[in-house]
Amino acid sequence: MLEKVEVGKKVKVLDIEGKEDSIKKLQAMGIRKGKVLEVVQKLGRSIVVKVDHSKIAISKSLAQKIKVQ
Amino acid sequence: MRINVALVGNPNVGKTSLLNHIAGTTLRVGNWAGTTVEKKEGKAFYKGYEIYLVDLPGIYSLEPFSEAEQMARDYLLSQKPDVVVNVLETPNMERDLLLTAELLEMELPTVIALNMLDEARRLGIEVDKEKLSELLGIKVVQTNGRTGEGKRELLEAIVQTYEQKIKPFPLKYSQTLEEYLSKVEGNTKFEKIRKAQEVYGEDFDRLLKDERFAFAHGLFYKVVKKVNQGAFDLTDSLDKLLLHPVFGLFFFLFLMFLMFKIAFDFSAPWMEWLDGFMNNFISPLIVYLLGESLLSRFLSEAVVGGVGFVLTFLPLIASILFILSLLEFSGYLPRVAFLMDGLMHRFGLHGTGFIPLLLGFGCNVPAIMASRIMETKRDKLLVLAMVPFMSCPARLVVFSFFAVLFFPNPALVIFLLYLFGVLVAFLTSFLLQKLVYRGSLHHMILELPPYRLPALKLVLRITWAHVKHFIYRAGTLIFAVSVILWAMLNLPPGISNPKDSVAGHVGRALVPIFKPMGLEDWRITTSLIPAFLAREIVLSSMAVIYSVEEGKKEEFEPRKALQEQGVAFVNALKESFLNLLNPMPKALEVKEEHSQLKSAVKNSMNPAQALAFMVFILLYTSCLGTVAVLQEEGGTKFALLFLAYSFAVAWVSGVIAYKLLSIL
Ligand SMILES: Nc1nc2c(ncn2[C@@H]2O[C@H](COP(=O)(O)OP(=O)(O)OP(=O)(O)O)[C@@H](O)[C@H]2O)c(=O)[nH]1
Ligand SMILES: [Mg+2]
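Same order as they appear, the protein sequences are chains A and B.
For the first sequence, the positions run 0 to 68 when numbering that gives the first Met the number 0 is used.
For the second sequence, the positions run 0 to 663 when numbering that gives the first Met the number 0 is used.
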């Protein structure tokens with residue numbers, strides 16, 4: 000799970016669970032199966048990841064649904 | 000001939016910047032996703048055509064996740080623009096091409112604008128635009144929304160696409176998907192897909208999504224070349240510090256302090272100069288030229304006293320807006336939202352809500368509009384109920400007048416007032432969640448764009464647009480109020496004491512309401528009535544009332560006076576820049592000598608009353624513009640209830656402030 004990844008580590012997205020709008024939005028923003036994510040920072044309830052050239056802050060509750068390797 | 004053009008693209012890719020360059024407009028631009036919330040327009044003339052451009056809110060996809068996508072989708076379907084300009088952020092092309100795929104499905108005449116050319120170059124990203132154009136069958140141009148580079152080419156592409164009706168090649172997805180589509184009716188691919196979604200449901204949906212991603216991915220690899228791996232990325236280095244859980248927070252607090260310090264210190268000498276210019280030059284000049292008459296009294300009391308007085312605060316307002324615009328342009332705003340997420344959670348909101356709140360310090364009106372970035376209706380309404388308690392420059396104007404007059408440490412008093420506003424905002428949100436909006440919190444998804452150096456010209460233009468608005472308001476609303484008030488102070492004819500005038504009667508009738516706050520003086524209560532329209536009117540009104548009360552006579556010699564003003568101007572210029580170099584806040588120092596208005600106000604109030612008055616002005620939503628957008632965004636019932644609520648909170652807090660300070 001993305002939520003558990005340490006700051007500075009790069010991981011590959013294996014799967015994203017759920018069909019709700021937030022998940023669809025994440026995918027449209029570039030967080031998809033097969034993409035490499037870098038965890039930039041974690042603070043409280045949210046986490047910043049970098050995918051390609053964009054950075055996105057997401058709630059950890061959402062990050063829980065992203066399976067990574 | 001008119002060509003209707005729609006600008007469509009992901010958030011924060013530079014659509015509005017391009018429009019501003021092409022049409023010469025000054026629409027809001029900011030380095031965060033969600034700056035444009037309503038469709039805006041501008042037009043340009045090119046080759047005999049009137050090119051009419053509509054700027055739509057940024058969207059990641061045409062699937063309706065929220066209001067923004069819905070609006071863009073509806074617009075494209077119902078208005079059928081002649082040409083769609085799909086703006087892409089070149090460094091993020093792979094992501095952006097997903098929306099492109101969805102747009103191509105609509106089979107409308109389309110032009111692709113590859114924006115942020117400069118950043119792509121810096122990152123070593125090269126796009127083969129000829130190849131992209133060949134593959135899709137449409138025109139592709141490269142642009143720079145900061146400098147306007149490529150805008151001619153874009154206009155040219157729009158005209159050619161229109162004249163030659165250049166539509167994209169029909170998209171080809173995989174065989175499986177195309178088979179699904181061949182079994183349904185529809186004029187365009189888009190229509191077929193919609194049908195197929197209804198008929199085949201989820202399986203089709205999943206396949207479609209994968210195919211679109213595959214299309215974007217494939218296209219990206221065909222046309223993009225990365226020539227320079229591992230280019231130094233300033234954003235990454237800055238983020239190590241600015242997103243840091245501890246350092247980041249300190250930096251934010253320091254930045255806020257710096258912002259207000261600079262705004263105050265830079266503007267203080269100018270405000271003082273303007274004040275002197277109005278009182279020691281313009282006013283006596285009028286009397287000098289026109290002699291003592293009703294007309295000269297009207298001009299110097301209602302016009303210079305009222306309108307002119309409010310205008311003296313322009314430097315402060317301009318400075319704050321300038322600095323906030325810098326902040327908005329830098330890309331720092333969403334980072335603060337991330338840092339504040341934890342705090343915001345305690346009050347049932349997530350970090351995104353911090354963006355409208357912070358913008359509220361600049362002006363509540365655009366901040367209320369920015370509440371649309373909240374993902375759900377519940378979150379949006381909560382933010383709507385908080386923003387009006389964020390103290391804007393119009394309130395600051397009132398505070399800076401009273402705090403300096405009545406308190407030994409005005410900066411502290413103003414700081415505490417701001418803090419109190421924030422506190423009330425959070426309590427309001429807390430209360431609303433307990434009573435009305437019980438629903439649970441949505442996830443946060445917030446893009447953090449790269450840091451971008453603000454384009455000074457643009458920041459100045461946007462600040463100027465705000466300033467112009469303020470001057471316009473002074474010239475219309477505040478002028479009208481001052482004139483009416485002045486007339487009411489002089490009616491019925493022949494009264495010797497303004498206390499017996501119409502205004503005096505109205506003011507005295509209101510005294511019982513404000514008496515618990517210690518405000519018993521009719522001049523104060525009278526000035527509060529018109530202040531419902533805009534807060535700074537409270538000052539213009541007081542100025543009119545007090546200047547009617549005491550006429551002034553001084554020796555006046557125009558040439559000498561003009562000379563003095565010139566010298567004072569140079570001093571103000573010098574002092575404002577020197578102040579910036581001084582590490583300690585310099586403005587708001589308590590001065591011994593006071594202008595006539597100041598001493599008159601000082602004699603008619605004590606500190607406890609002044610504090611109650613400021614608290615009331617802080618909390619009561621007395622601003623026509625704010626109420627209007629609240630109604631637009633939250634509905635009439637919401638706006639009216641909120642107005643009543645803010646009055647109640649303002650009154651109770653005012654009374655408590657008065658009682659507390661009276662005891663101490
Ligand atoms: N370096 C660079 N910055 C640009 C360029 N075009 C726009 N910007 C900056 O990108 C940011 C976003 O620009 P906007 O015009 O507000 O973007 P938008 O697409 O209208 O954004 P939304 O309204 O939020 O969807 C601003 O800070 C611009 O100054 C460009 O070509 N190069
Ligand atoms: Mg915009």
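Here a beta-carbon is modelled for each residue, glycine too, at the ideal position from N, C-alpha and C.
Within the same chain, SER481, SER539, ALA542 and VAL543 come within 6 angstroms of GLY305(B) by CB-CB distance, once the 5 residues on both sides are set aside. Closer than 8 angstroms to the CB of GLN40(A) there is at least one CB belonging to chain B. Sequence-distant partners of ALA301(B) (beyond 5 residues in either direction) whose C-beta falls short of 7 angstroms from its own C-beta, in its chain, are SER481, VAL482, TRP485 and VAL543.
The beta-carbon of LEU325(B) is placed no less than 8 angstroms from the nearest beta-carbon of chain A. Here VAL4(B) is near ILE157(B), since their CB atoms are less than 8 angstroms apart. Interface annotation for the region 620-643 of chain B against chain A: empty, criterion Cβ-Cβ distance under 8 angstroms. Residue burial annotation: ALA32(B) is buried, with at least 16 other C-beta atoms found within 10 angstroms of its C-beta.
Residue contact check for GLY29(A) against chain B: a CB pair falls below 8 angstroms. Contact between GLY144(B) and GLY13(B) holds: CB atoms are separated by about 3 angstroms, below the 8 angstroms threshold. For TYR199(B), the enclosing alpha helix (DSSP H) begins and ends at 188-222. The alpha carbon of VAL566(B) has as its nearest neighbour, out of THR34(B), PRO268(B), SER181(B) and VAL53(B), the alpha carbon of PRO268(B). Around SER60(B), the beta-carbon contacts reaching into chain A at under 8 angstroms are LYS23, LYS24 and ALA27.
By the Cβ neighbour-count rule, THR175(B) is exposed, with fewer than 16 other Cβ atoms within 10 Å of its own. Among the residues of chain A, those whose CB is under 9 angstroms from the CB of ASP340(B) are LEU42, GLY43, ARG44, SER45, ALA56 and SER58, following chain order. Every alpha helix (DSSP H) of 4 residues or more that sits fully in the region 345-375 of chain B is shown, in chain order, as 353-359 and 363-369. Going by C-alpha positions, PRO365(B) is about 17 angstroms away from GLY57(B).
When DSSP reads this structure, ALA56(A) sits in a beta bridge with VAL47(A) and LEU445(B). For LEU113(B), the enclosing beta strand (DSSP E) has its first and last residue at 109-114.
At a cut-off of 8 angstroms, the C-beta of ASP51(A) has a neighbouring C-beta in chain B. DSSP, read as helix, strand or coil, puts ALA5(B) in strand.
About 5 angstroms separates the Cβ atoms of VAL48(A) and LEU36(A), confirming a contact at the 8 angstroms cut-off. PHE478(B) is not a Cβ neighbour of SER621(B), given a cutoff of 8 angstroms.
For ARG94(B), the nearest CB of chain A lies under 8 angstroms from its own CB, placing it at the interface with that chain. Ranked by Cα distance from LEU76(B), the first of SER65(B), GLU101(B), THR89(B) and ASP95(B) is GLU101(B). The region 377-395 of chain B makes contact with the region 312-332 of chain B, as at least three CB pairs between them are under 8 angstroms. Placement of the Cβ of THR99(B) at a distance of 7 angstroms or more from every heavy atom of ligand 1 is found.
Taking a beta-carbon distance threshold of 8 angstroms, ASP20(A) counts as an interface residue toward chain B.
Within the chosen limit of 7 angstroms, ligand 2 reaches the beta carbon of GLY57(B) through at least one heavy atom.
For PRO244(B), the C-beta contacts it makes with chain A under 9 angstroms involve GLN40, LYS41, LEU42 and GLY43, in order along the chain. Within the region 435-461 of chain B, those residues whose Cβ lies closer than 9 angstroms to any Cβ of chain A are, in chain order, LEU440, HIS441, HIS442, MET443, ILE444, LEU445, GLU446, LEU447, PRO448 and PRO449.
For LEU61(A), the neighbours in chain B by C-beta distance under 8 angstroms run, in chain order, HIS442, MET443 and ILE444. Here the C-alpha atom of ILE46(A) lies approximately 8 angstroms from the C-alpha atom of GLU2(A). The shortest C-alpha to C-alpha distance from GLY420(B) to any of PRO283(B), ARG451(B) and LEU617(B) is the one to LEU617(B). Taken from the Cβ of GLU291(B), every heavy atom of ligand 1 lies 7 angstroms or farther away. Beyond the five residues adjoining it in sequence on each side, GLU184(B) comes within less than 7 angstroms, by CB distance, of LYS194 in the same chain, given in chain order. For PRO515(B), same chain residues with a beta-carbon under 6 angstroms away, outside a window of 5 residues either side, are VAL654 in chain order.
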